[in-house]
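Read the structure below first, then the notes.
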Amino acid sequence: MRIKKKLDWFLVINNIFLLLVAAACVLPMIHILAISLSSSAIASTGTVTFWPKEFSLTSYEFVAQRKAFWDSMLVSLQRIALGGAINVVLATTIAYPLSKEKKDFSFRAFYAWTFFITMIFGAGLIPTYMLVKELGLIDTVWALILPGAVPVFSVIVLLNFFRLTPKELSESAFIDGAGHWRTLWSIYVPVSMPAIATILLFSLVGHWNSWFDGLIYMNNQSNYPLQSYMQTVVVQKSFTTLTPEEAKVMAKISDKTLKSAQIFLGALPIICAYPFLQKYFVKGMVLGSVKG
Amino acid sequence: MKKNQPSSKAILLMLSLMLTTGFISGCSSNSPEKQSNTGAQSPANNSSTGNNEPKESVSGDADPFGKYETPLTIRFTRDVDNDTQDNIIPKTPGETIESNRWLKAFSEKLGINVTYDWTVSTGDAYTQKMNVTLTSGDLPDMLRVTPAQMKQLAEADLIEDLTPYWEQYASEDLKKLYAEQGPAVLNSAAVNGKIVGLGKADVYGDGVYLWIRKDWLDKLQLPEPTSLQDVLKISEAFTTQDPDGNKVNDTYGLALTKDLYGGAMGLEGFFAGYHAYPNMWIDDGSGKLVWGSTLPEVKESLKALSDMYKAGQLDKEFGVKDGGKVAESIAAGKIGIDFGAQWNPMYPLISNYQNDPNANWVGYALVSVDGKPALSPQRFQADSYWVVRKGFSNPEALIKMFNLHVELNWGKTGDFDYYYMPAANDSVGVWKYSPVQPASAFKNIRAFQEIEKARKDNSFDSLTGEALAIYRNIKAFEDGDVSQWGWPKIYGAEGVYRHGVNYMDNERFKYEAFAGPPTETMAERKSTLEALEKETFVKIIMGAVPLDDFDKFVDNWYKVGGTDITKEVNEWYASNK
Chain A
1 MRIKKKLDWF
11 LVINNIFLLL
21 VAAACVLPMI
31 HILAISLSSS
41 AIASTGTVTF
51 WPKEFSLTSY
61 EFVAQRKAFW
71 DSMLVSLQRI
81 ALGGAINVVL
91 ATTIAYPLSK
101 EKKDFSFRAF
111 YAWTFFITMI
121 FGAGLIPTYM
131 LVKELGLIDT
141 VWALILPGAV
151 PVFSVIVLLN
161 FFRLTPKELS
171 ESAFIDGAGH
181 WRTLWSIYVP
191 VSMPAIATIL
201 LFSLVGHWNS
211 WFDGLIYMNN
221 QSNYPLQSYM
231 QTVVVQKSFT
241 TLTPEEAKVM
251 AKISDKTLKS
261 AQIFLGALPI
271 ICAYPFLQKY
281 FVKGMVLGSV
291 KG
Chain B
293 MKKNQPSSKA
303 ILLMLSLMLT
313 TGFISGCSSN
323 SPEKQSNTGA
333 QSPANNSSTG
343 NNEPKESVSG
353 DADPFGKYET
363 PLTIRFTRDV
373 DNDTQDNIIP
383 KTPGETIESN
393 RWLKAFSEKL
403 GINVTYDWTV
413 STGDAYTQKM
423 NVTLTSGDLP
433 DMLRVTPAQM
443 KQLAEADLIE
453 DLTPYWEQYA
463 SEDLKKLYAE
473 QGPAVLNSAA
483 VNGKIVGLGK
493 ADVYGDGVYL
503 WIRKDWLDKL
513 QLPEPTSLQD
523 VLKISEAFTT
533 QDPDGNKVND
543 TYGLALTKDL
553 YGGAMGLEGF
563 FAGYHAYPNM
573 WIDDGSGKLV
583 WGSTLPEVKE
593 SLKALSDMYK
603 AGQLDKEFGV
613 KDGGKVAESI
623 AAGKIGIDFG
633 AQWNPMYPLI
643 SNYQNDPNAN
653 WVGYALVSVD
663 GKPALSPQRF
673 QADSYWVVRK
683 GFSNPEALIK
693 MFNLHVELNW
703 GKTGDFDYYY
713 MPAANDSVGV
723 WKYSPVQPAS
733 AFKNIRAFQE
743 IEKARKDNSF
753 DSLTGEALAI
763 YRNIKAFEDG
773 DVSQWGWPKI
783 YGAEGVYRHG
793 VNYMDNERFK
803 YEAFAGPPTE
813 TMAERKSTLE
823 ALEKETFVKI
833 IMGAVPLDDF
843 DKFVDNWYKV
853 GGTDITKEVN
863 EWYASNK
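Okay, structure coming up:
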């Protein structure tokens, strides 16, 4: 009986703790949603909490007409489609040979380090910018995709996952006459779907959330991905340096409801994608790291 | 596990971001030298499109509005604000950033074709993008840069000296515009005695005012303020006498933020009542510059503020509230006094009116504690300068474009109603289509004077230009368009500019005396000193430390860099007299 009581306490505290963590994640989103659905006058007083006051859809109507928002949404969708696919294909094809033992792949250590080093050291912004510029990628969606085309962290996750796959599977494939390509696509990839889904999710979220590269590599605002655009909407000018012209603009853009509507709509696609990939997510991470 | 891994990745990402952004600022300081080679190559690409007039021929045909026979293509960069995106472009069908009435005017009247290397949104994004552009070495022909960037470019000899061109090519109107607020406006762009850039003409702003909720004054039967003592009394009454009538003690007197200073909800106007001018360089009367925050008058004002705080007249939590947060309190009708610029009704005061139609903010002139008129503190706020890439064939083209901008908007041959705020396009500010946008600091006050005259003679039909556009907005409010509430507050019969006229006529402006680019020690220490100042002042106001800590602050301020900065600033002052 005593033991049972102890367990109960643990469960209670654990549940409360997890509920608090969950609330910390969900409440800001609800707050934003509530503001976006309130009238802009009441929202400017900062009194809206988790339920809209003076319900209004004006901000959504305004966003619907805001071309820049939808342009950048399209760029972002294009980016995650291309970027996600490229990340996953490259991660898979790189992880496969690196998961082999040294006797199968003699320069394994060399290649592994080559990739690993890029994870720790970067060239810095200016050299990267100049490289992208000289390659003629400025103002194209490729500037957002190619610099991060090989997600080394994902490669490591996948590599460990491949190692966990029973050797007998690949051995039998070889006995049946399959080559490395065939083995990879017909054996390894299908059994590694959890891990692949995980790295896909990493890559999608990463591409969706990054904004700085869009700001730097795009010369035309209509090429901005969504988050670069959002950054210009959300970041507030400091009041000490506000010029009269900016103040007049502030009167319009300080509209909190409009900001909130865009934040909410901007987060929506990734929120929708999450549940579908999430079930793989947990499994993949655990499996990939057990023998890490 | 699930939570752990991505967050460690996020930390890595953040770290690398921090490193790289740090890298920009670090790199921009030494890179101009590196890229001077690339910088020198690109003129060749361009001079072929320009006319072949050599640079030395400045003394030749110096027509401020002369048209280039062979069209001259000039590469610019520009920022686009939300107003342009949301209002101007939709209201001007067929026009874009790359093709519009202004670019057409430059092309037809001056033979200048403007192209943009890139466009980006206003603010930090522009500075970041400019940093990358500067370090990558591929400079556009004409660039708008920060004062610090200008100084670096000039020292690396990457931009043209504009001094001779200004003399030769600036039109009379343009010269007048830049002389309005003193010679410092032009000279602020001088590096080693050469004017290398053109900043805004209206850098000082046009006055700090005292905004008070008149409906609260009336309700509590208080007179309008004529001295700072009155303001203190009003503040007390607003706090203790329940001006909003909700039977709850939830109102404050004065609006202030954790940043203390600012164009809205700032304290400069309050300090000015004690003839204290913190946060700017002023002449101490002996021809030497001192940092205004270190003078004894500031201590006196801080004492008054800390008394107000003790009496509950200031928001207990102001020390953690930024402008956006304090604006919320104003919108919610919790605050009755605000020191700020003429545009305060546009933001944030209008949000109060939108929630409470009785809220009636009225602007007054600054008042003082001793009967001597309070001067309106005008900080030098140059945040950007136009410069011309070294080696560009026609540096004077920049000045010609400035000339044309002024002429088409306010000149005799101009057409304000087509180039500035055309009524045909819902009076949106199409002047923003022009890459260069010089404007007079006092144009708004002058527009007010015209409207005021029309009000006296009842001759509204004779209004033209900016005054007419503004009058239309006032009329729109009178006809029921509540979104125009701010206009009569500024330009109406009771508008704040009736005090602006007074400021202008009686020279009640205190201009910041230092107007140069940031000095060496300033670049290093300014943020430390600012932090020290704000922290100390906030603590003194909140009573966390005794008032006498102000003296310790002054000592510290000089110790951690203030001495060097003061010396550098005075060197600048001596050489720019």
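Residue numbers (the numbering used here), protein chains in the order written: chain A, 1 to 292; chain B, 293 to 869. By construction, the Cβ of each residue, glycine as well, lies at the ideal position given by its N, Cα and C atoms.
In this structure, B/Ser668 and B/Arg800 form a Cβ contact; the two beta carbons are roughly 6 Å apart against a cut-off of 8 Å. Runs of the alpha helix (DSSP H) lying entirely within the region 698–731 of chain B and spanning at least 4 residues, in chain order: 708–711. For the C-beta of B/Val406, not a single chain A residue is nearer than 9 Å; the gap to the nearest is close to 15 Å. Among the bridge pairs identified by DSSP, B/Lys802 is matched with B/Pro669. Spanning the alpha carbons of B/Leu509 and B/Asp648 requires a straight line of approximately 16 Å. In the DSSP assignment, B/Val679 falls outside any alpha helix (DSSP H) and within the unbroken beta strand (DSSP E) covering Tyr677 to Val680. Counting only residues of its own chain and dropping the five nearest sequence neighbours on each side, B/Pro570 has a CB closer than 7 Å to the CB of Phe563, Gly584, Ser585 and Val590. A Cβ-Cβ distance of about 14 Å is found for the pair A/Gln231 and B/Val372, leaving them out of contact under the 8 Å criterion. Shown in chain order are the members of the region 647–664 of chain B whose Cβ falls below 9 Å from a Cβ of chain A: Asn647. When DSSP states are grouped into helix, strand and coil, B/Ala633 belongs to the strand group.
For B/Leu435, the three-state secondary structure derived from DSSP is strand.
With respect to the C-alpha of B/Lys831, the residue from B/Gly579, B/Trp723, B/Val612 and B/Ala529 having the closest C-alpha is B/Val612.
Taking 7 Å as the upper bound on Cβ-Cβ separation, chain A lies near no residue of the region 831–853 of chain B. Within the same chain, Cβ atoms closer than 6 Å to the Cβ of B/Ile833 are found at Leu597, Ser598 and Tyr601, the five residues on either side in sequence being excluded. Of all residues in the region 178–199 of chain A, none places a beta-carbon less than 8 Å from a beta-carbon of chain B.
Not a single CB atom of chain B sits nearer than 8 Å to the CB of A/Ile94. Put simply, the CB of A/Ala24 is far from chain B, with every gap to its CB atoms at 8 Å or more.
With fewer than 16 other Cβ atoms from the protein chains shown falling within 10 Å of its own Cβ, B/Val774 counts as exposed. For B/Ala651, the closest of B/Tyr360, B/Trp777 and B/Pro385 by C-alpha to C-alpha distance is B/Trp777. Residue-level contact check: B/Val372 touches chain A, since one or more beta carbons of chain A fall below 8 Å from its beta carbon.
At a cut-off of 8 Å between beta-carbon atoms, B/Ala481 makes no contact with chain A.
For B/Phe740, same chain residues with a beta-carbon under 6 Å away, outside a window of 5 residues either side, are Tyr783 and Tyr789 in chain order. Within chain B, the residues whose beta carbon sits less than 7 Å from that of A/Lys133 are Ser428, listed in sequence order. Residues of the region 56–81 of chain A with a C-beta less than 8 Å from any C-beta of chain B: Arg66 and Ala68, listed in chain order. Annotated three-state conformation of A/Ile126 is helix, per DSSP. B/Glu863 and B/Val680 do not touch by the CB rule: their CB atoms are close to 27 Å apart, not below 8 Å. In the three-state reduction of the DSSP assignment, B/Asn750 falls in the coil class, being assigned neither a helical nor a strand state. With 16 or more other Cβ atoms inside 10 Å of its own Cβ, B/Met434 counts as buried. When DSSP states are grouped into helix, strand and coil, B/Gly625 belongs to the coil group. Closest option to B/Asn695, judged by alpha-carbon separation, among B/Trp458, B/Leu364 and B/Asn374: B/Trp458. Just so you know, the alpha carbons of A/Ile216 and B/Leu755 end up roughly 46 Å apart. Shown here for A/Lys100: same chain residues with a beta carbon closer than 7 Å to its own, the five before and five after excluded, namely Arg108 in chain order. For secondary structure counted as the beta strand (DSSP E) over 3 or more consecutive residues, the region 347–412 of chain B holds these complete runs in sequence order: 364–372. Chain A has no Cβ within less than 8 Å of the Cβ of B/Asp718. Listed along chain A are Leu215 and Thr232, each with a C-beta nearer than 7 Å to that of B/Ala417.
With contacts defined by Cβ atoms closer than 8 Å, B/Ala657 and B/Ala556 do not form a contacting pair.
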